[in-house]
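Asker: Going down the list, the protein sequences come from chains A and B.
Under my numbering, think of the first position of the first sequence as 94, with each following residue one higher.
Under my numbering, think of the first position of the second sequence as 435, with each following residue one higher.
All residues carry an ideal CB built from backbone N, CA and C; glycine is no exception.
Being a predicted model, the structure only gives us computed values, none of them experimental.
Please see the structure below; I have some questions.
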Amino acid sequence: MRNKLTLLVIILLLLMAPKSFASSTNELKVKAISESTVDASKYGITNPEKKSFSVDKKISLLNGFAPEGTLVKIKHFATADLTGKKYDLLKLPANDEYIEVIEKEVIVGKLGVFDTKLNLVDGINLLQINFGVKGLEDVKIIIYVSSFQNLEKIVLK
Amino acid sequence: MKERIKSFLLIFLMVSALFLIKQILGVSGVGIIVTAENSKEALEGASYLLEDMILPEKKLISFGENYKTIIYNESNHRLYSSIRDPLAKVLSSKEIKIEEVGKATDRFIDFKFSNPINSFLLSKSLGNNESNHVPKEIVEIENISIEIGPDFNKMVLSNSEKAVSIKLPKEDFIEMEEIFTQIEKEENYDYYYSVRSSFGADTNLYFPYEITKNISNVYVDNSLSWMNSADKRQIARKYLGAALNTAQEMEEEIGKTVFIAERDILKIEDNGIIEYQSILDRDVKNRNLLESTNTVIKEISEKIPDKKGLYLNRIKEIESGASKGYKFIFEYRIMGYPVLYSTGNYLEMDVFNDKLKYMRVIERRESKRNSDFPEPGVHIKSSFDILEKEYELFKKYYMEDNKIPVKDIEEVSRNEVISWIKDTRLSFFDNSLKNVGSSLIPAWIFETESWILGFEALTGNLIYQESK
């Protein structure tokens, strides 16, 4: 009776072992698939087209696309540079010199596109767009606002 | 002496003959071409003019890069007024040369009409007595684009099928460019983006990023609702003239007074509608657009008390028995925004050259305006928000219109549905439910080939639908 019981336990263990092994490999597969099947072409920014440029308006207009339900985080960074002469598109601030101005979140709806308007500041502005998808790098856009003429006059006075 | 009498008789005969020819051509309607002088005579004293009638519905301004806006109101900036002279020149000067339409600049103003407008009529509305070869080249104009270049500007006249480009000196646009720069500097406008570039859809729609401007709370009254019999007879006098003296007056049903004259019928409804019908006294075999337009202007001047916001929406060719004429459809705008009435078009007129056969007008006038609307913190939705919220509805109507079976719903792409939308415009909607102090509802109107859909601009709820 005891031997029979031991045999039953062994059989049960043998039956369960491959199953649990299989399920763990399946989970790995799912994870592996989700990472390997991130279709980067489904996420993007259509406006602005350039990733580094200068403007004379303190407005940034952003358009992009992503699958429905995507939470898009848009972070706006700037630098404390009142003269506007410290940095330009060729001479960018170091990472630790950026100050976060605002963070916006947009949930992509059924049309699969999103749009937003941001108020920029004088000097270098960095927009960092995150689609919340592993394996997909943030989109970074650098905008140099060059509307310092009036400010310069004030400073000189 | 005999010779003198002969000469005198000859001169007299010639003068008489000239006078008779002029009379015959003027009356018969065979003289299809109404000269500018004739039209001027016909319109003498008219309080409503052709130049008031033909105005673009909205203006799309591109300041370069991706900064674009849409302006509805003309009185704030007078942009269309600023291009009247160069436009008149383009449609009349013999020296105008048409060129190939090249790549557009990124600084431009598009003047968009609600529907294609006859280019000869447009030319007339600008004061041209004679038009040049340009209206023959492009018979209907839906959009006038002024592209601002460094050395010269280009005017591109276009409709859905054709476009012509004309190079013009910058001196012609000094006033327009000043207004353009002023708007650009003020930056007091809402930004719009191209749906084509954002969605990749085959469309010329533009969506706003957000609407930050107040649209005002506007109230209207229906003056017909409180009119007594004497007031109504005063209106009837305008339509029936002396025939009113012998006309039969009756109450067709509660709230509907009818005047029946020998050849005309006039209905004045308490719900704010005046409807007039007449019998043509002869067949009009050759329709004449200019003569019909003159009749429309004359009739509006005489009969419509509130002409300030009235503008031509479209003209359609019509027939009645053996006669050929035109249906003129007018819309009304407040603060530059078109008003959509639940009871139909603001004004419709069926005209057969010099004869008005049918007219229907909505009598609801602005009584009060509160500019602090919406309240702080409440925003008007963008047309994109509306489309996203009601996308399934748009898709359903698109499928019905294109006879796509329900089983193929997955096959219908987003861009197909978006490209099916022909126009979106911020408007006021009058549900015509109240006679006094009726509040106009700010609404986004989506127009397709077969539908007019109106959505409440604060909630995005569907409040009006009309199958065209």
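Assign A52(A) to one of three DSSP states: helix, strand, or coil.
Answerer: This structure does not reach residue 52(A), given that chain A is present from 94 up to 250, and the question cannot be answered.
Asker: Just grab the DSSP bridge partners of I551(B) for me.
Answerer: I575(B)
Asker: Under a CB-based cut-off of 9 Å, is V199(A) close to chain B?
Answerer: no
Asker: In angstroms, rounded to a whole number, what distance separates the CA positions of G759(B) and Y766(B)?
Answerer: The alpha-carbon atoms of G759(B) and Y766(B) are separated by roughly 23 Å.
Asker: So, are the CB atoms of S509(B) and G888(B) less than 9 Å apart?
Answerer: no
Asker: Expressed to the nearest angstrom, what Euclidean distance is found between the alpha-carbon atoms of Y745(B) and E844(B)?
Answerer: 42 Å
Asker: Distance cutoff 9 Å, beta carbons only. Does G205(A) sit that close to anything in chain B?
Answerer: yes
Asker: Helix, strand or coil for P614(B) per DSSP?
Answerer: In the sequence on display, residue 614(B) carries Phe and not Pro. Looking at F614(B) - three-state DSSP - the assignment turns out to be helix.
Asker: Could you tell me how far apart the beta carbons of R798(B) and N656(B) are, in whole angstroms, since I believe they sit closer than 8 Å?
Answerer: 5 Å
Asker: Hey, does A125(A) have any beta-carbon neighbour from chain B nearer than 9 Å?
Answerer: Bear in mind that the predicted position of A125(A) carries a pLDDT of just 38, short of 50, making it unreliable; the figure below should be weighed with that in mind. Chain B, which has no Cβ nearer than 9 Å to the Cβ of A125(A), makes this no.
Asker: Determine the direct distance from the alpha carbon of P772(B) to that of L896(B), and round the result to whole angstroms.
Answerer: 18 Å
Asker: Just to confirm the assignment, what range does the beta strand (DSSP E) spanning V131(A) have?
Answerer: Taken as a continuous stretch (DSSP letters only), V131(A) belongs to no beta strand (DSSP E), as it is neither H nor E.
Asker: At which residues does the alpha helix (DSSP H) containing W854(B) begin and terminate?
Answerer: 848-854
Asker: Around the C-beta of V870(B), are 16 or more other C-beta atoms found within 10 angstroms, so that it is buried, or is it exposed?
Answerer: Exposed, since its Cβ has fewer than 16 Cβ neighbours within 10 Å.
Asker: Taking the alpha carbon of Y136(A) as the reference point, which residue from A171(A), K168(A), I222(A), I217(A) has its own alpha carbon closest?
Answerer: I222(A)
Asker: Would a check of beta-carbon distances place G162(A) closer than 9 Å to chain B?
Answerer: no
Asker: Answer with yes or no whether the minimum CB distance from L556(B) to chain A is below 9 Å.
Answerer: Chain A places no beta carbon closer than 9 Å to that of L556(B), leaving this residue out of the contacts.
Asker: At a cut of 8 Å, does the stretch 609-627 of chain B reach the stretch 788-797 of chain B through at least three beta carbon pairs?
Answerer: no
Asker: Listed in chain order, which residues of the stretch 840-865 of chain B have Cβ atoms closer than 7 Å to some Cβ of chain A?
Answerer: The stretch 840-865 of chain B vs chain A, Cβ under 7 Å: R848.
Asker: Mind checking whether L639(B) and I852(B) have CB atoms under 9 Å apart?
Answerer: yes
Asker: Any C-beta of chain B sitting closer than 9 Å to the C-beta of G202(A)?
Answerer: yes
Asker: Please decide whether V148(A) counts as near chain B, where near means a Cβ-Cβ distance under 9 Å.
Answerer: yes
Asker: Is the beta carbon of A670(B) less than 9 Å from the beta carbon of I702(B)?
Answerer: Yes, the Cβ-Cβ distance between A670(B) and I702(B) is below 9 Å.
Asker: Check whether the Cβ of T209(A) lies closer than 9 Å to any Cβ atom in chain B.
Answerer: Closer than 9 Å to some Cβ of chain B, the Cβ of T209(A) qualifies, so yes.
Asker: Among D665(B), K815(B), R512(B), which has the Cα closest to the Cα of W878(B)?
Answerer: When D665(B), K815(B), R512(B) are compared, the shortest CA-CA separation from W878(B) is found for K815(B).
Asker: Express the C-alpha separation of L827(B) and T777(B) in angstroms, rounding to a whole number.
Answerer: 23 Å
Asker: Return the bridge partner residues of Q711(B) from the DSSP annotation.
Answerer: I699(B), Y792(B)
Asker: According to DSSP, simplified to helix, strand and coil, what is M769(B)?
Answerer: coil
Asker: Taking DSSP as the reference, what is the three-state secondary structure of A470(B)?
Answerer: Unreliable positioning characterises A470(B) in this predicted model, as indicated by a pLDDT of 39, which lies under 50. A coordinate reading is not provided.
Asker: For L154(A), which residues in chain B fall below 8 Å Cβ to Cβ?
Answerer: N500, Y501, Y625, Y627, Y643
Asker: For a test of the three-state rule: what should DSSP assign to R630(B), helix, strand or coil?
Answerer: helix
Asker: Could you check whether the Cβ of T172(A) sits closer than 9 Å to any Cβ belonging to chain D?
Answerer: Note that chain D does not occur in the displayed structure, where the protein chains are A and B.
Asker: On the DSSP bridge list, what partners appear for Y237(A)?
Answerer: S147(A), I217(A)
Asker: I195(A): buried (16+ other C-beta within 10 angstroms of its C-beta) or exposed?
Answerer: exposed
Asker: Within the stretch 626-685 of chain B, note down every full beta strand (DSSP E) run reaching 3 residues or more, in order along the chain.
Answerer: 626-628, 640-642, 651-655
Asker: Looking at C-alpha atoms only, which residue of E725(B), E709(B), N648(B) is the closest neighbour of I738(B)?
Answerer: The shortest C-alpha separation from I738(B) is found at E709(B).
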